[in-house]
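Peer 1: Residue numbers (the numbering used here), protein chains in the order written: chain A, 26 to 413; chain B, 26 to 413. Structure below; questions to follow.
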DNA sequence: TCCTTTCCACCGATCATTGAATGAAAACGA
DNA sequence: TCGTTTTCATTCAATGATCGGTGGAAAGGA
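In C-alpha cells:
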C-alpha cells in the first residue's frame, strides 16, 4: 500500500524513457545487436532502431561489424554490434581480502581501466587497509591523469548492513566489526562510496563479465578463508532484507567435529576453507610450507582427493540451498574455486542430494574471473553508483 | 545468453505505459488526487491530467469530491478523489491440498468474493480433484450469477515448471507428476489458467493479505503433509530459475534415522510433517485416532513438547536458509503452522543457529491467513493474470 | 470583497512510438 | 554461379503521448 510501484526513479524526463532503457541494456549486456534489443525489450524493431539511431548520433554508443562470420555462424544477415561508449568518468573499485588488497580504476561501463594487487593482512588492521587502498587509488589516478573520481565501491569480507553501511558484528571478521567503511572512504577520498560484502560484489562481477553471463538466477560461492555467497535473482544482485544475504559460512554440518572460531562445531567454513584445506595438505605434503601452498597448482592424486572431499561436503550444503532458490548456475569462486577437483566434488554432491527438479537446471561452474571477480564486481557497482 | 536486466518485458504496448502506471498507482494507493499522482510519478501535471482523463473516459477509475472540507483542511482548491472502479470481472481460485480442496471466486483486486472447502483425497486421484474443482467453481459462478470467469489460478502440492506448467517428477507427489494441470483446467473451463506450487501461492496470500504485509522479503513455510517454501523477494513472489524454488522438503538433516518415501534418510519432511507428528502423538495419546487428531486443539504439555521439538528441528534447517536469503520474516503456515509450540520451537532454533545479523531482523510469525493462505494467494495470482 | 493558495483544464508544438513495407547482407543449396 | 532462404536494419506516414505555459476554478484567510 505504501510501497511505490516502481522504485521512485528520479526521472528527468519521460520522453527519453525508451532511449535510456535501451542504453542501459546496451551497457549491461555488451555486444548486442538491434534484434537482441528487440527481444530484450519487446519493443518493435522500428522503435529500437530509432532509439539506437539517436544514441549513435549522441555519441553514447558505437556500432561495429559482427566479429565472427563465415560458414557455420548461422544464416541470415549478421547484425551489427552495439556497445556503450566509455566516457572520461572514472570510478574507484576496491577488494579488501583477508590477505590481499586489490584496487582498480573503472569507467562508467563498469570495465576496469587499470588495477593493482598487493599482499596485505587487511584482517589484522582494517584502518591500514583503508589507508593503503586510498593510497593505491590515488597512485592509479595519477598514473592515468584522472583528476577526480565519480565514486568508489568496495567489497569487504563481512556482512554489511545495507542502509547504514555498518559492518555487522560477526564471528568471522572481528576487526572490521563496528566500522562504517563507506564513511571512512568518503572521508578520505571526498567522493561518494558504497561498501558491501565481498561475495556480493563477486557475484556482480561474475554476472556481468564472468560465468554468470546468460544466467538470470545464480548463486556465487566465494570459498576462501571463509565461505560466503552472493545471490543473483531476476538478473539482479540480491542482498536480502537488510543486506546480509549470503552469510552461509556458519551453517552447521551435523556430526562434524571441527571446531569453528565462532564456538560451534561443524560450521561450513570450519570444514571447508583455505586454512582447513591447507591443514590437511600439510599432513599429506609435509615438505611444503603450509602457508605457501598454491591450491591451484597442486594436481597430485592425494591433493585432488582432499579437494574433492571438501567439494563434496560443500556441495551437500549447497544442494539444500539450491533446492530453496532453484538457480540455473552455481558459480564457485574464491581461492578454493580454482581447483577443478573441488568443483567436481560440489557437482557430485549437488546431483546426489538436491531434488531432481533442482539438479536438472543447475550448472556447477568455476568462476570465470577467478580471483578478480570481486574487483571486477566492485567496478560494476561503482559504475552503477556513478549513474545514480 | 540474453537476459532482461530490468523487470518484466511482458509489455503489450509502450504507448500506454503512463496510463497503466497511473492506473496501478490509483489502484494501490486509494483516494489519490491528481497532484498526489504528480508527486508519485514525477510527471508533469498536464501529462497526469491527460492520463487521468483517458482512464475516466475508459471507465477504469471514478472521480469524487474531497470528503473533508472546511477550515483547517488546508487552503487552496481541493483536489478531486480518484479511485479504481471495481469491475464485475471474476476469477477462479483453487487450492489443491493433500486431503482437501478449496475453491473461491475472486475479483480483480484479488479479494475473495466467496469460497468453499471440501475434504477430498486429491493426492490419490488428481483427475477427480480437477473435476471436483471445476464443478465447485461452476456452482459458485451460478450462485453469484457470474456468466464467465476472466481466468483461473491454482496451487498444487508439487513442483511446477514455470514455462511449461508441467508438474515435475517428484518424490512427494507421485500422482500429479507428469500432468499439465493448467492445460487441464483450461480444457475444462475454457479460460486461461495458471498453476503453481502451493507454497508459492501461500506466500502470495500472506504477502498481500496476511502476516507478510509490510515485508518486502520473507520466506513462507508450508508445513503440512510435506514441507514447502514460498519466497518473496523485493516485494514479489520469486519462483527461481525454472519455477522450482522452495522445494526444501528433502533437505537432509544429517544423523536422523527417519526413512523418507524418497528413499533417503532424515529428509526434512520425513522428520517434520503431519504424518510424522501424528505418528508420535499416537504413541503418547493412544486413545486418539491418529488420523483424526486436530493439531491446533491439542494443548497438553506432551503434545506441546512434541510440536516444539518438531519446530526446533525445522528451525535448525530454516536457520541456514535464512542465513542465505536474509528475510525480514519467516511465516509458518500449513497445518503444523497453527500450533504455537511449533512456532516457538522454530524461533528458538533460528535464534540459536542462524547468524546474529540474520536473527536480528527476522521475525518468526504464524500465517495470518491460516489454512486460507493458499486460496487467498491463488485469488491474488488470478487477479494479476486477469490484468496481464 | 479581494488576495493567496492550490488544483485542474486546455492548447499548441514537438517528437516518440508504431506496423507494414522495403531494402541489405550474409549463408545455404544446387 | 546464382537464386533462395534467413536474418537484420531502415524508411515512411499515421498516431497521439508528452510538455511548458497560461488561465480558470475552488477553497481559505484577511
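Quick reminder that beta carbons are idealized off the backbone N, C-alpha and C, glycines included.
Would you kindly check if the distance between the Cβ of residue 177(A) and the Cβ of residue 218(A) is under 8 Å?
Peer 2: Cβ distance < 8 Å, so residue 218(A) and residue 177(A) count as in contact.
Peer 1: When you measure from the CB of residue 257(A) to every non-hydrogen atom of the ligand FAD, does any distance come out below 7 Å?
Peer 2: No copy of the ligand FAD appears in this structure; indeed no ligand is present at all.
Peer 1: Once you ignore the five residues that flank residue 255(A) on each side, which residues in its own chain have a CB closer than 6 Å to its CB?
Peer 2: Only 224, 225, 227, 228, 245, 271 meet the Cβ criterion.
Peer 1: Contact between the segment 256-267 of chain A and the segment 347-362 of chain B: three or more CB pairs below 8 Å?
Peer 2: These segments touch.
Peer 1: Suppose contacts are defined by Cβ-Cβ distances below 8 Å. Is residue 192(B) in contact with residue 180(B) by that definition?
Peer 2: Not in contact: residue 192(B) and residue 180(B) (Cβ atoms no closer than 8 Å).
Peer 1: How big is the Cα-Cα spacing for residue 301(B) and residue 384(B)?
Peer 2: Between residue 301(B) and residue 384(B), the C-alpha separation is close to 28 Å.
Peer 1: Got a sec: which bits of the segment 395-410 of chain A sit with their beta carbon under 8 Å from any beta carbon on chain B, in order along the chain?
Peer 2: If the cut-off is 8 Å between Cβ atoms, the segment 395-410 of chain A has nothing near chain B.
Peer 1: Please decide whether residue 48(B) counts as near chain A, where near means a Cβ-Cβ distance under 8 Å.
Peer 2: Not an interface residue.
Peer 1: Applying the criterion that 16 or more other CB atoms from any shown protein chain within 10 Å of the CB defines a buried residue, is residue 417(B) buried or exposed?
Peer 2: The structure shown does not extend to residue 417(B), since chain B is modelled only from 26 through 413, so no value can be given for it.
Peer 1: Where do the N-terminal and C-terminal ends of the alpha helix (DSSP H) with residue 404(A) fall, by residue?
Peer 2: Here the alpha helix (DSSP H) through residue 404(A) covers 398-412.
Peer 1: To which residues of the same chain is residue 395(A) closer than 7 Å at the C-beta, ignoring the five residues directly before and after it?
Peer 2: For residue 395(A), where only same-chain residues beyond five positions count, the Cβ hits under 7 Å are 363.
Peer 1: Measuring only between beta-carbons, confirm whether residue 123(A) sits less than 8 Å from chain B.
Peer 2: False, the Cβ-Cβ gap to chain B never drops below 8 Å.
Peer 1: Starting from the beta carbon of residue 383(B), find every residue of chain A whose beta carbon is closer than 7 Å, and list them in chain order.
Peer 2: Per Cβ cutoff of 7 Å: 269, 272.
Peer 1: How is the alpha helix (DSSP H) around residue 447(A) delimited, first residue to last?
Peer 2: Residue 447(A) lies beyond the residue range present for chain A, which begins at 26 and ends at 413; the question has no answer from this structure.
Peer 1: Could you check what DSSP says for residue 308(A) in three-state terms: helix, strand or coil?
Peer 2: Looking at residue 308(A) - three-state DSSP - the assignment turns out to be helix.
Peer 1: For residue 41(A), go through chain B and note every residue whose CB falls closer than 9 Å to its CB, in chain order.
Peer 2: Ordered by position in chain B, no residue passes the 9 Å Cβ test against residue 41(A), which lies about 13 Å from the chain.
Peer 1: With 8 Å set as the bound, which would you pick, yes or no: does the beta-carbon of residue 242(B) sit closer than that to a beta-carbon of chain A?
Peer 2: So, interface residue.
Peer 1: Anything in chain B within Cβ reach of residue 134(A), meaning under 9 Å, just list it in chain order.
Peer 2: Chain B residues near residue 134(A): none, gap ~14 Å exceeds 9 Å.
Peer 1: Between residue 150(B) and residue 248(B), what straight-line distance do the alpha-carbon atoms span, to the nearest angstrom?
Peer 2: The alpha-carbon atoms of residue 150(B) and residue 248(B) are separated by roughly 22 Å.
Peer 1: Please go through the segment 109-175 of chain A and give each complete beta strand (DSSP E) segment of 3 or more residues, from N-terminal end onward.
Peer 2: The qualifying runs are 116-121, 125-131, 137-144.
Peer 1: Please identify the residue among 107(B), 186(B), 130(B) whose C-alpha is closest to the C-alpha of residue 117(B).
Peer 2: Looking at the Cα atoms, 130(B) is the closest of the given residues.
Peer 1: Evaluate the contact criterion for the segment 327-345 of chain A versus the segment 363-375 of chain A: three or more CB pairs, one atom per stretch, below 8 Å.
Peer 2: Counting Cβ pairs under 8 Å, three or more are found: they touch.
Peer 1: Under 8 Å between C-beta atoms, does residue 254(B) make it to chain A?
Peer 2: It does: the Cβ of residue 254(B) has a partner Cβ on chain A nearer than 8 Å.
Peer 1: List the whole-angstrom C-beta distance separating residue 68(A) from residue 50(A), where the pair is believed to meet the contact cut-off of C-beta under 8 Å.
Peer 2: Actually they are not in contact, since the Cβ atoms of residue 68(A) and residue 50(A) sit about 10 Å apart, beyond 8 Å.
Peer 1: In angstroms, rounded to a whole number, what distance separates the CA positions of residue 275(B) and residue 379(A)?
Peer 2: So the alpha carbons of these two residues sit roughly 8 Å apart.
Peer 1: Measure from the alpha carbon of residue 297(A) to the alpha carbon of each residue in 267(A), 268(A), 331(A), then state which is nearest.
Peer 2: The residue with the shortest Cα to Cα distance from residue 297(A) is 331(A).
Peer 1: Looking at chain A, is there any beta carbon in it that lies within less than 8 Å of the beta carbon of residue 245(B)?
Peer 2: Cβ-Cβ to chain A under 8 Å: no for residue 245(B).
Peer 1: Return the bridge partner residues of residue 222(A) from the DSSP annotation.
Peer 2: Per DSSP, 181(A).
Peer 1: Just to confirm my understanding: we take residue 407(B), look at its own chain, exclude 5 residues before and 5 after, and list those with CB closer than 7 Å. What are they?
Peer 2: Once the five neighbours on either side are set aside, the close Cβ partners of residue 407(B) are 116, 117, 118, 131, 176, 177, 178.
Peer 1: Is there a C-beta anywhere in chain B that falls below 8 Å from the one on residue 144(A)?
Peer 2: False, the Cβ-Cβ gap to chain B never drops below 8 Å.
Peer 1: In this structure, what does DSSP give as the bridge partners for residue 215(A)?
Peer 2: BP columns for residue 215(A) are empty, so no partner.
Peer 1: DSSP state of residue 339(B), grouped into three classes?
Peer 2: Residue state, collapsed to three classes: helix.
Peer 1: From the DSSP output, in three-state form, read off residue 244(B) for me.
Peer 2: Residue 244(B): strand per DSSP, three-state reduction.
Peer 1: Helix, strand or coil: how does DSSP classify residue 229(A) here?
Peer 2: In the structure shown, residue 229(A) sits in a helix (DSSP, three-state: H, G or I).
Peer 1: Assess contact between the segment 107-116 of chain A and the segment 73-91 of chain A, defined as three or more Cβ pairs (one per stretch) separated by less than 8 Å. Is contact present?
Peer 2: Result yes; three or more Cβ-Cβ pairs closer than 8 Å.
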